[in-house]
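Peer 1: Position one of the sequence shown corresponds to residue 1 (full-length UniProt numbering), numbered consecutively onward.
For each residue, glycine too, the CB sits at the ideal point set by N, CA and C.
Because the structure is a prediction, the values reported are computed rather than measured.
Sharing a structure here in structure tokens format.
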Amino acid sequence: MGLSLRFYFCQIAQNNWVLHLDDDMEFTTEAMNDLIAEYGRNPKRIVGRFGRNFKEGNSFNGYNSVDTHKNSEVILTKLMLMERDTCSAFFDYAHLVWADTVLQNGDGPLWNGEDIFMSLVANQVYDKNRDGSSQFNNYAMDWLDVWEADKSLKDYGNGKLDISGGLEGVRFWSWRWWHSLTRRNRHYSYRGHLWQVARDRLKRLSVTPRQS
């Protein structure tokens, strides 16, 4: 199941709202209160701190790593709040990209890009953006006081174990830096490819999701 494991266990949560949080994220109490309050205004969406929008013509198959503001197509699982039942929809639609995209051509851990697919599925479930409109339903609160834990707490350097290939400044003389840069670019390109494939297939879907 790889990174999709978070959505598997999300289905058995006791609460109707489920918070997804990476283990290196830190935040203030006020940030969490604001996140919950905003989500409560409309739970039929995904709300989080870090958002992404697809950028046509971008060198990474359309993937853009710039944080978005408010209405966004995708919310990252670094910190996001969603309905428990929507987690089940992830697996209802997973067959659309599983064999040829995730399994055969995936990059990094299994189901890398699970946050992209979950957000696109949420749009499908809530019947948003099927007409290709630019007004997205998911919501990025980029002003929240949220940050990554200090890198000194990690027992490795230069992002060598990070999924996206973390970078620490520009170090042209270091082969480790080049290796990390290559991994990051490959990671971004795959996420862009998954985004394109998933969005296209969800848009063309004319039947109900396959039941397990």
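1. Report the rounded CA-to-CA distance for Leu110 versus Arg52, giving the unit in angstroms.
2. Going by DSSP, which residues form a beta bridge with Asn71?
3. On the DSSP bridge list, what partners appear for Val47?
4. Distance, Cα to Cα, Phe60 vs Phe54?
5. Would you call the segment 60 to 71 and the segment 96 to 103 touching, i.e. three or more CB-CB distances under 8 Å?
6. Note the first and the last residue of the continuous alpha helix (DSSP H) segment covering Leu35.
7. Per DSSP, what kind of secondary structure is Arg19 in: helix, strand or coil?
8. Based on Cα-Cα distance, which residue from Gln14, Met82, Ala37 and Gly40 lies nearest to Leu21?
9. Hey, Leu96 and Leu19: beta-carbon distance below 9 Å or not?
10. Do Glu114 and Phe90 have their CB atoms nearer than 9 Å?
11. What residue range is occupied by the uninterrupted alpha helix (DSSP H) comprising Glu56?
12. So Met141 and Asp34 are supposed to be a Cβ contact under 8 Å. How far apart are they, rounded?
13. Taking Val197 as the reference, which of Phe27, Ser88 and Ile116 has the closest Cα?
14. What does a CB cutoff of less than 6 Å around Arg201 pick up in its chain, not counting 5 residues either side in sequence?
15. Mark Ile75 as exposed unless 16 or more other C-beta atoms lie within 10 angstroms of its C-beta, in which case mark it buried.
16. Check Trp147 in the structure and name its three-state DSSP category.
17. Using the three-state DSSP reduction, which class does Met1 fall into: helix, strand or coil?
18. Using the beta-carbon count (16 or more within 10 Å), is Ser4 buried or exposed?
Peer 2: So, from the listed chains and residues:
1. Here the question's residue 110 lines up with position 110 in the sequence shown. Here the question's residue 52 lines up with position 52 in the sequence shown. Approximately 21 Å, taken between the alpha carbons.
2. Counting from one through the sequence shown, the residue named residue 71 turns up at place 71. Beta-bridge pairing links Asn71 to Tyr139.
3. Residue numbering aside, residue 47 sits at position 47 when the sequence shown is read from its first letter. Val47 is bridged to Leu81 and Tyr139.
4. For the purposes of this step, residue 60 is taken as residue 60 along the sequence shown, with counting starting at 1. For the purposes of this step, residue 54 is taken as residue 54 along the sequence shown, with counting starting at 1. Linking Phe60 to Phe54 through their CA atoms gives a straight-line distance of about 10 Å.
5. The segment 60 to 71, when compared against the segment 96 to 103, does not touch it at the 8 Å Cβ threshold.
6. Against the sequence shown, residue 35 aligns to sequence position 35. Unbroken alpha helix (DSSP H) run through Leu35: Thr29 to Arg41.
7. As a position in the sequence shown, residue 19 is number 19, starting the count at 1. Looking at the sequence itself, residue 19 is Leu, so the reference to Arg does not match. Looking at Leu19 - three-state DSSP - the assignment turns out to be strand.
8. The sequence position of residue 21 within the sequence shown is 21, counting from 1. When only C-alpha atoms are compared, the closest one is Met82.
9. Along the sequence shown, read from residue 1 onward, the residue named residue 96 stands at position 96. Along the sequence shown, read from residue 1 onward, the residue named residue 19 stands at position 19. Not closer than 9 Å, so no.
10. Within the sequence shown, the letter at position 114 stands for residue 114. Within the sequence shown, the letter at position 90 stands for residue 90. The answer is yes: Cβ separation under 9 Å.
11. Start at 1 with the first residue of the sequence shown, and residue 56 comes out as number 56. Looking at the DSSP string, Glu56 is not in any alpha helix (DSSP H), and its letter there is neither H nor E.
12. Counting from 1 along the sequence shown, the entry for residue 141 is found at position 141. Counting from 1 along the sequence shown, the entry for residue 34 is found at position 34. That belief holds up - the Cβ atoms of Met141 and Asp34 are roughly 7 Å apart, short of 8 Å.
13. Counted from its first residue, the sequence shown places residue 197 at position 197. Nearest option by C-alpha distance: Ile116.
14. For the purposes of this step, residue 201 is identified with residue 201 of the sequence shown, where counting begins at 1. Only Leu96 meet the Cβ criterion.
15. Here residue 75 is taken as the residue at index 75 of the sequence shown, counted from 1. Counting Cβ neighbours within 10 Å, Ile75 comes out buried, since at least 16 surround it.
16. Residue 147 sits at position 147 when you count from the first residue of the sequence shown. When DSSP states are grouped into helix, strand and coil, Trp147 belongs to the strand group.
17. Within the sequence shown, residue 1 is the residue found at index 1, counting from 1. Secondary structure at Met1: coil, using DSSP grouped into helix, strand and coil.
18. Sequence index remark: in the sequence shown, residue 4 carries index 4 (1-based). Flag for Ser4 reads buried.
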